[in-house]
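If you use the working numbering, the sequence shown corresponds to residues 4 to 771, in order.
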Amino acid sequence: MKKTTTIRLLAFLILISLNLTGCNKEQAEPSDDISVNVTNVFSPVFVSLPDDVDTYNSDMFSADDRIYIKYVIPAGNQVESMLFSVDLNGENIQNIPFSAIGAERDKSTITQLFTGGRDGNKIYIESEHTVADGTVIYTLLKTSADGQLIFETDITNIFDDDTANNSTGSFYLMTADGVSGNIYLARENAIAAISPSGEKVFEVISPEKINRISAMPDGRILVLYGDKNTRNFSYGIIDPSEEILETDLKIPPGYSLHGYDIYTGDGYDLYLKTRETLYGYNFSDNGLTEVCNWINSGIDGTVINNIIILSADKFAVVYTDNITLQKQLALLTQTSDNRTINKTIIKMAYISLYTDPFWTSTVAAFNAQSDNYRIEPEDYDKYNTVANDTTGLNTLQKDFLTDKAPDILLLDPNISTEDFADKGAFTDIYGFMGDDFTRDNLLGYATAPFEIDGKLFSLPLCVSVWTRAADKSLLNDKNGWTLEDMYALTQTAEADGNKLFPPHITKLNLFSELVNTNITTFVDKENKTCSFDGETFANLLEYCNTYPDSVPPQEMMEFQKNQSGMYRSGKIKIYFLTMNSVSSYLSAKYIFGTDDIALIGSPATPDSGNGAVVFPVARISVSAKSTATDGIREYIKYLLSDKIQASPQMKNLPVTTGGLKAHTDYYRSKYYYFEENGAVIPFAIDKDDTDNNPYEGNKAYYKTELTEADVDYLIGYLNGIKTSYDSNRSIIDIATEEVQPYFAGDKSIAEAAEIIQSRAGVYVAETG
C-alpha cells in the first residue's frame, strides 16, 4: 500500500476514535430476531475429484446429461489420459482411461483436448510424437455417444496463419457449437472452424493471444483474448454466418475483465465470476445481474477453476478448497431467489487488493459449520475504479463512522493500530477469551509484540519474522548483540577484507530496522519523551551512511553467483533471514553449511527482546461498536483452530501452539537437499522413502534436516520476540522521512537529528 494511503487511513481511524466510547464498554446483547433473508441461493451437491485432476488446466464439458473432466496421470515415463464423469445428480461416477473407450490407440499418442456437443458426440485432439525427428502429428477425431468413429483428420497444419502453424505449443482450446455442429480450434491468435464432417470451413485471427473460446447458446463463439499476466482482457464474438471475429466488445460501464472469468450458457449472453459472485450479463443491458452468491450457496469462491452453465438455474463448478486443498466438483441448482437463515449476522470488511485469499476462504467454511452465526464479508475493493484505487478505502472510512460500521476488519498488514486502538475504535480481543480459548492457545510472538497497555486490539492470524543468522562463533555463543557490537564487528570484518552484511543492504532500510529494534533507546513512552538528538543516535546515523543508497548491480550479481561460498568462507558474516516458515531456518543452515548457527536478530537493547521483528501478515480487529460478541468469539476461535492454523495453505508461521507443532512436524518428516551452486532451492524427500532418493550421495547437493533440538531452539527464540513491525510505525515513518536529506548530503547529522527530535517529540507527547 502507498504511504499516503496508510497516512490517510490512520487519520480516519483517529477521527473514528473521537466518535466512539471506551474499549471497556459493556457490550449490548444482539436482538432476539436473528432471521435474515439471503438471495441468489443455489443448493450444492459435492463430488470429490481424483487427486491427479489438474483443476486449472483439465478440460471440462457437459454432454448427454453428464459432466466430463479429462486429466492425465503418470504412467511410467509417459502419461495416460483419464476421463472422470458423473451424471447431473452427482451420481453414477465413472473414472476410466481413454484407452478403454478407444480414444488412445497406443502409447505413442496422447489425448491433448477433449470436448463434446449437446448431441452427445465426443471430440478429441490426439498428438503423436515422432521420435526420429521430434515432430508432432495432431489428429482431430469425432465419435458418437456410443464410441463409433465419425471421422478423423490431420490438423497439424490446419491454419493458414504461419504464427499459429509454426507454434511449438499444442492446440490448447477447443469448443463445439450446438447449433451448427462446427468445432472450433485455437492456437496462439488463430481460430479454425471445422465442419461436423471434419472439413475446415474458415479461419479468423484475434488481435492478441487467445485465452478462452466458448460456444454460446445461439451458435456464436465467444473469444477472450489479451495479456494473461496483467489480466488486461478484451472479448470478441465469432458469427459463423459472417465468418468474422467482431472485436473489442465491452462489458457494462464501470466494469472491466480484470478480476473476472467469463463463461457462456443458457440464461444470459455472458456469465462473469468474482470471488463472491457469479454475474449474468446481456448485451442489451446496462449492468450485471447477480445470479449466484457463493457464500450464500456454501461455496468457497476463492479458487473456482471452471464453470459449466447447464441451464439458467443449474451449473457445475470445479474448485479447490483453499483450506484443505481438496478438489471438488459442485453441482448447483437454484432453490429459490431468497432464503431465510436463522443465524446472527456478523459483518466483515476487507480489501481484496491486499488480503490473502486464504483468509477470506475461512468465511465460507465457518458459515458451513456454524449453526448459530454467519459471516457476511464485504470487499471494499469493489468500489475502486481505474482512475482511483483508493475509493474502496475511502468508502470504508465513511461506513465506519456510521451505523454501517462492520463488526470485524480483516486488516492489511500495512495498516497500523498504534494510533487509535487505545482511544476506543477497537475492542480488546483478550476480552473474548474463556476456558476453551485462552492465551495458552497463542504463541508469545503473536501477542507480546502487539499489546498496548496489556490489551490486544489486533490479533495476528499468521506472521513472518525478520531476523538474522550467523555462525555461532561470531558472537561467542551470545544470544543477541548491541549497536556497539555491530560497530566493532564491522571494523574487524573490514580489516580482514570481509564484510559484515551482504550487498543488498542499503542505508535507508538498515536505518529503519535499527531504529525499530532500538526504539526504547530513543523513546520513553511512559514519560512521553524521546532523545534522537543524543550521541547514540548520531553514531547510528553515521554508521548507516557508510552503506550504499541503492543495491550495487555488479556486486549483487557476483554475490548471487556464489552466496553459500561467500558465507561459508567468511567473506560475509551475517545472513538476513525472513522466516515465512521453518524452511527459511533450514536455508540458513544450508547457507553456512553447518548446524552451528545462531539466530541473532538485529542489534538491539536488551529490553527490546532478541532483536527479531515480527510482521503480521494477516490480522483481525473487532469494532467497539459491535454487539455480536459471542459470534465473533466463535469465529476467532475457528481462525485459531488446528484446521486453519495447520492448513497446507498456511504460507506463513502459525500463531498457535497446535499450528506450529503441525508445521514443525511436517518439516521434521523430511530430508532437505539444496543445490550447491548457490541457489537456495530445497528438494524434500520423505524420511521413510529414502529408497527413492535421487540426491543422497550426490555432491551437487547439500543435505540438511530439522532436528528436535532445532525445534526447541526455534520455539524459544520465537517466543522471545518483543518487537513488531506495527508497533513503532509512526515514529519510524517520521525518522526515515527526515533522515533522507542527511543521506543525500543536504543536511548535517545535527540538523537531521534536530528535526527528527522535534517531530517525534510532539508525536510521543501526544500519544505516549
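Here a beta-carbon is modelled for each residue, glycine too, at the ideal position from N, C-alpha and C. For clarity, every value in this text was computed on a predicted model and none was experimentally measured.
Handout entry: Member of 336, 717, 703 whose CA lies at the smallest distance from the CA of residue 709
Key = 717
Exercise for the section: Pick helix, strand or coil for residue 535, following the three-state DSSP scheme. Expected result: coil
Handout entry: Same chain only: Cβ atoms within 7 Å of residue 30, ignoring 5 sequence neighbours per side
Key = A caution first: residue 30 carries a pLDDT of 37, below 50, which makes its placement in the model unreliable, though a value can still be read off. Closer than 7 Å at Cβ, skipping near neighbours: 630, 632.
Practice task
Could you check the C-alpha separation between residue 8 and residue 330 for me, to the nearest Å?
Solution key: Note that residue 8 scores a pLDDT of 39, beneath 50, so its modelled location is shaky; the value from the coordinates is reported in the next line. Computed Cα separation, rounded: 38 Å.
Practice task
Would you tell me roughly how many angstroms separate the C-alpha atoms of residue 640 and residue 242, rounded to the nearest one?
Solution key: 55 Å
Problem - Per DSSP, the bridge partner or partners of residue 205 - result: 196
Exercise for the section: Using three-state DSSP, classify residue 71 as helix, strand or coil. Expected result: strand
Problem - Option nearest residue 78 by Cα separation, candidates 63, 524, 489, 100 - result: 100
Problem - Contact between the segment 479 to 488 and the segment 736 to 747 (3+ Cβ pairs under 8 Å) - result: no
Practice task
Could you tell me the distance, in whole angstroms, from the CA atom of residue 399 to the CA atom of residue 720?
Solution key: 38 Å
Handout entry: Short Cβ contact (9 Å threshold) for residue 265 with residue 252
Key = No.
Exercise for the section: Could you have a look at residue 555 and say whether DSSP puts it in helix, strand or coil? Expected result: coil
Exercise for the section: Keeping to the same chain, check which residues put their C-beta closer than 6 Å to that of residue 69; ignore five residues upstream and five downstream. Expected result: Exclusion of the five residues before and after residue 69 leaves 88, 90 as the residues of its chain whose Cβ lies within less than 6 Å of its Cβ.
Exercise for the section: Answer yes if the segment 567 to 580 comes into contact with the segment 487 to 501, meaning at least three C-beta pairs across the two stretches below 8 Å, and no otherwise. Expected result: yes
Problem - Bridge-paired residues (DSSP) for residue 268 - result: 271
Exercise for the section: Check the DSSP bridge columns for residue 129 and list the partner residues they point to. Expected result: Answer is 114, 142.
Practice task
Determine the extent of the beta strand (DSSP E) in which residue 761 is found, giving its start and end residues.
Solution key: Taken as a continuous stretch (DSSP letters only), residue 761 belongs to no beta strand (DSSP E), being part of the alpha helix (DSSP H) at 752 to 770.
Practice task
Between the Cα of residue 247 and those of 608, 223, 156, spot the shortest distance and give me the residue it belongs to.
Solution key: It is 223.
Handout entry: Spatial distance of residue 648 from residue 686 (CA atoms)
Key = 24 Å
Exercise for the section: Determine the burial state of residue 769: buried for a count of at least 16 other Cβ atoms within 10 Å of its Cβ, exposed for fewer. Expected result: exposed
Exercise for the section: With DSSP as the reference, label residue 620 as helix, strand or coil. Expected result: strand
Problem - CA-to-CA distance, residue 84 to residue 55, given in whole angstroms - result: 11 Å
Problem - Rounded separation between residue 208 and residue 217 - CA only - result: 16 Å
Problem - C-beta contact flag for residue 350 and residue 411 at 9 Å - result: yes
Handout entry: Between the CA atoms of residue 144 and residue 444 - distance to the nearest angstrom
Key = 60 Å
Practice task
For the beta strand (DSSP E) holding residue 328, just list the boundary residues, first then last.
Solution key: Unbroken run through residue 328: none, as it is neither H nor E.
Exercise for the section: Would you check whether the ligand COA has a heavy atom nearer than 8 Å to the C-beta of residue 491? Expected result: Among the components of this structure there are no ligands whatsoever, and the ligand COA is therefore not found.
Exercise for the section: Compute the Euclidean distance between the alpha carbons of residue 752 and residue 745, then round it to the nearest angstrom. Expected result: 6 Å
Handout entry: Sheet register partners of residue 582 (DSSP bridge)
Key = 468
Problem - Alpha-carbon spacing of residue 318 relative to residue 332, whole angstroms - result: 11 Å
Handout entry: Same chain only: Cβ atoms within 8 Å of residue 360, ignoring 5 sequence neighbours per side
Key = 278, 305, 306, 325
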